[in-house]
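> Protein chains in written order, with the working numbering: chain E, 989 to 1338; chain S, 983 to 1150.
Positions of the beta carbon are idealized from the N, C-alpha and C atoms, including for glycine.
Sharing a structure with you now.
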Amino acid sequence: MHAQLAAALSAVFDDGLPIEVSGLDALPGGFSRETFMFDATTIDGDTSKTRPMILRKDPPPSVAILETSRLVEHNLLEGLRAHTNLPVSRSYCVEMDPAVFGEQAMIIERMPGSGQTSDLFNGGPDADQVDDVMRSLCEILVELHETSIDTIDPDGALNDPRQVGIDPTSWDAYMDSTFQYYIDAYPDIEYDPLLLVILDAFLWLRRNKPRPMPLAIVHGDFNPANFLYADGRVTALIDWENTRVGDPREDLGWMVLMDVLSNTQVMAHPADEGGFLAYYNKLRGLDITPEELGYFTLFGTANIAVPVNRALARRTRKEQTEFLHLYMLQSSAPALMSFLSLLGYPGVPA
Amino acid sequence: MITSPSIDDMLEGLILALDADIMPHLEQPKAQASAQMMQSLLQGIRQLLPVYDASLIEEHNEMNKGIREAAALVEGVSGPEADRMRARAETIAAVADLPAPLDMVEVKAAHRVRTEAVRDSLIDLDELQRAGVDAADDSLNALRAMLTPHYLRYMGTFPMQGGMLGRG
Chain E
989 MHAQLAAALS AVFDDGLPIE VSGLDALPGG FSRETFMFDA TTIDGDTSKT
1039 RPMILRKDPP PSVAILETSR LVEHNLLEGL RAHTNLPVSR SYCVEMDPAV
1089 FGEQAMIIER MPGSGQTSDL FNGGPDADQV DDVMRSLCEI LVELHETSID
1139 TIDPDGALND PRQVGIDPTS WDAYMDSTFQ YYIDAYPDIE YDPLLLVILD
1189 AFLWLRRNKP RPMPLAIVHG DFNPANFLYA DGRVTALIDW ENTRVGDPRE
1239 DLGWMVLMDV LSNTQVMAHP ADEGGFLAYY NKLRGLDITP EELGYFTLFG
1289 TANIAVPVNR ALARRTRKEQ TEFLHLYMLQ SSAPALMSFL SLLGYPGVPA
Chain S
983 MITSPSIDDM LEGLILALDA DIMPHLEQPK AQASAQMMQS LLQGIRQLLP
1033 VYDASLIEEH NEMNKGIREA AALVEGVSGP EADRMRARAE TIAAVADLPA
1083 PLDMVEVKAA HRVRTEAVRD SLIDLDELQR AGVDAADDSL NALRAMLTPH
1133 YLRYMGTFPM QGGMLGRG
């Protein structure tokens, strides 16, 4: 692996200097990509320069949760770096030939800051920073949602990155085609009776379409584990593999659900602004209601629920034996309770 | 209640994960031995679970019968020991045998059929609601009220511990 990494980066730096790869180590964290940290050091006579790096590599297709393209992610990161002030990693290169790293892979800059975001909550060691970090996170999300789609995605790669028939030519077309994607996917993800509430949610979403809102680039996995922070501000928004054109309320709704699953309280901050939604509304001059937030908690969760439960269905059929997928059966169960609550099931607290 | 994966599937998954994700990274022989012990114990539990209920009941009924037969064989014997054996046969061992547990394969199959019926009802109710049939609202609510305790029971017996682990 060291030689392949050095060779890939040599083509990027193009200065003819030797590159030494060190500290290669697998990272926990992302559930969908295999992530490794390493340092790349170029040596020029008596001087050397070390760059912190991340290798993001696809898992084998049989155990993939999200089937996304590293090339699309690479182009997105570089587009965001060129046209926005968003704190995102430089993507040094993408390798689509699986012969090199075993699967498709990309090498990106390892950004500064702590990824131990749970330290911000529940009396953790960085709890004193939480309001400032959440303020910063909200401002970053607003900038993303207000970025021109055409500027970042001139070729339309983010219109329907899963290639499942999503039509973003209008808000209505986007929503209707997404409902159909969810409902059509259900037979393939139904591995257990517990999934009934998800079908109920898919059908309810279609019956209760809310007011329209201009489509935007959505992060697609905006959750409490996908940012780094230091000194009261967000230093990086990470994990852009599920980014696409969508309704911006999806990012907010998914965060609501992931707050529950992660035992964090992102949405309660910045407290002096009345919480994340209130601050987002203030910055954008919008009035997204709690009811809309609830709707998009279901809608945004459904977007992830389809590929995740498809992977879990493969696991329950023993087409693969990935342990993480078994764990996700347990760790995603609170999401089902959120579904019950948002759908107003009798006997479930709102 | 979750039926797929089964409890056996989950235990098997733990054994496989110990093999694939843990043992290759254990350097200490003691830790390797502990991991192998865990696998052995988990495999034992896999074999114990499917027969556990039936075995308890079978043994309960066999003990009833055995106590009665043993007492009958000392029918002509006098003395407090033999009296106590007869007393046990006439009290503890005189109760009716317990029924054999239901075949879980059959139970799961029947559960599956009802699940599909509920699923198809949800789809039909969606059609009715979209057509403006008011009664469909109450009908859907009745199904949801039936489902609620299923989820509460599942969450109460298979809870997640400490948030999504390994994600920062």
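#1: For L1108/S and K1270/E, I'd like the C-alpha separation in whole angstroms.
#2: Below 8 Å on the Cβ atoms is my guess for Y1333/E versus R1126/S; work out the distance and round it to an integer in Å.
#3: Between the alpha carbons of M1020/S and Q1029/S, how many angstroms are there, rounded?
#4: Does the beta carbon of R1126/S come closer than 8 Å to any beta carbon on chain E?
#5: Take Y1080/E and list the residues in its own chain whose beta-carbon comes closer than 6 Å to its own, dropping the five residues that flank it on each side.
#6: Hey, quick one: how far does the alpha helix (DSSP H) through P1322/E stretch, first residue to last?
#7: At 4 residues or longer, and completely inside the region 1044-1078 of chain S: list those alpha helix (DSSP H) runs for me, N to C.
#8: Taking buried to mean at least 16 other C-beta atoms within 10 Å of its own C-beta, is S1136/E buried or exposed?
#9: Residues in its own chain within less than 7 Å of L1012/E by CB, not counting five upstream and five downstream?
#10: Am I right that R1069/E and V1060/E are in contact with their C-beta atoms under 8 Å? What's the rounded C-beta distance?
#11: Pull up the distance between the alpha-carbon of Q1151/E and that of S1016/S, whole angstroms please.
#12: For V1100/S, which residues in the same chain have their Cβ closer than 7 Å to its Cβ, ignoring the five residues on either side in sequence?
#13: With 7 Å as the limit, tell me which residues of the region 1109-1142 of chain S have their beta carbon closer than that to any beta carbon of chain E; keep them in chain order.
#14: For the region 1004-1079 of chain E, which segments carrying the alpha helix (DSSP H) assignment without a break, of at least 4 residues, lie completely within its bounds, in sequence order?
#15: Does chain S have any CB closer than 8 Å to the CB of F1210/E?
#16: Hey, does P1337/E have any beta-carbon neighbour from chain S nearer than 8 Å?
#17: Out of D1034/E, P1006/E and L1193/E, point me to the one whose CA is closest to L1330/E's CA.
#18: For a test of the three-state rule: what should DSSP assign to E1040/S, helix, strand or coil?
#19: Just verifying my parser: in three-state terms, what is the DSSP assignment at I989/S?
#20: Is L1286/E closer than 8 Å to L1300/E when the C-beta atoms are compared?
#21: Excluding the five sequence neighbours on either side, which residues of its own chain have a C-beta within less than 6 Å of the C-beta of A994/E, listed in chain order?
#22: Does the separation of the CB atoms of A1204/E and L1216/E fall below 8 Å?
#23: Cα separation between Y1315/E and D1120/S?
#24: Since Y1136/S contacts I984/S with CB under 8 Å, what's their CB separation in whole angstroms?
#25: Can you find a CB in chain S that lies within less than 8 Å of the CB of R1195/E?
#26: Ordered along the chain, which non-local residues of its own chain (more than five positions away) have a Cβ less than 8 Å from that of V1336/E?
#27: Mind checking whether P1142/E and R1232/E have CB atoms under 8 Å apart?
#28: So, using beta-carbon positions, are D1065/S and L1031/S closer together than 8 Å?
#29: Nearest chain E C-beta to I1074/S closer than 8 Å, yes or no?
#30: Considering just the uninterrupted stretch of the alpha helix (DSSP H) at I1186/E, what are its terminal residues?
#31: Would you please verify whether the beta carbon of A999/S is less than 8 Å from any beta carbon of chain E?
#32: Which runs of the alpha helix (DSSP H) spanning at least 4 residues fall entirely within the region 1073-1154 of chain E, listed in chain order?
#33: When you compare the CB positions of D1239/E and L1129/E, do they come within less than 8 Å of one another, or not?
#34: Counting Cβ pairs, one atom from each stretch, are 3 or more of them under 8 Å apart for the region 1256-1269 of chain E and the region 1176-1185 of chain E?
#35: For Q1302/E, tell me which candidate among D1032/E, T1029/E, V1051/E and S998/E has the shortest Cα-Cα distance.
#36: G1208/E: buried (16+ other C-beta within 10 angstroms of its C-beta) or exposed?
If we stick to the structure as given:
#1: The sequence as given places Asp at residue 1108/S; Leu does not occur at that position. Approximately 37 Å between the Cα atoms of the pair.
#2: 5 Å
#3: 14 Å
#4: Yes, R1126/S counts as interfacial toward chain E.
#5: V1000 and I1095
#6: A1321 to L1331
#7: 1062-1072
#8: exposed
#9: M989, H990, F1024 and F1026
#10: About 15 Å separates the CB atoms of R1069/E and V1060/E; that is not less than 8 Å, and the two are not in contact.
#11: 47 Å
#12: L1125
#13: Under the 7 Å Cβ criterion, the region 1109-1142 of chain S contributes Q1111, R1112, N1123, R1126, A1127, L1129, T1130, Y1133, Y1136, M1137, F1140 and M1142.
#14: 1058-1071
#15: Taking Cβ atoms only, chain S never reaches closer than 8 Å to F1210/E, which makes this a no.
#16: no
#17: L1193/E
#18: helix
#19: Looking at I989/S - three-state DSSP - the assignment turns out to be helix.
#20: Against a cut-off of 8 Å, the Cβ pair of L1286/E and L1300/E comes out as no contact.
#21: I1007 and V1009
#22: Not closer than 8 Å, so no.
#23: C-alpha separation (whole angstroms): 36 Å.
#24: 6 Å
#25: yes
#26: The answer, listed in chain order, is M1325, L1328 and S1329.
#27: No. Outside cutoff.
#28: no
#29: Closer than 8 Å: no.
#30: L1184 to R1195
#31: yes
#32: The qualifying runs are 1086-1089, 1118-1133 and 1137-1140.
#33: Going by C-beta atoms, D1239/E is nearer than 8 Å to L1129/E.
#34: no
#35: What sits at residue 1302/E in the sequence shown is Arg, not Gln. Comparing Cα positions, the closest option is V1051/E.
#36: buried
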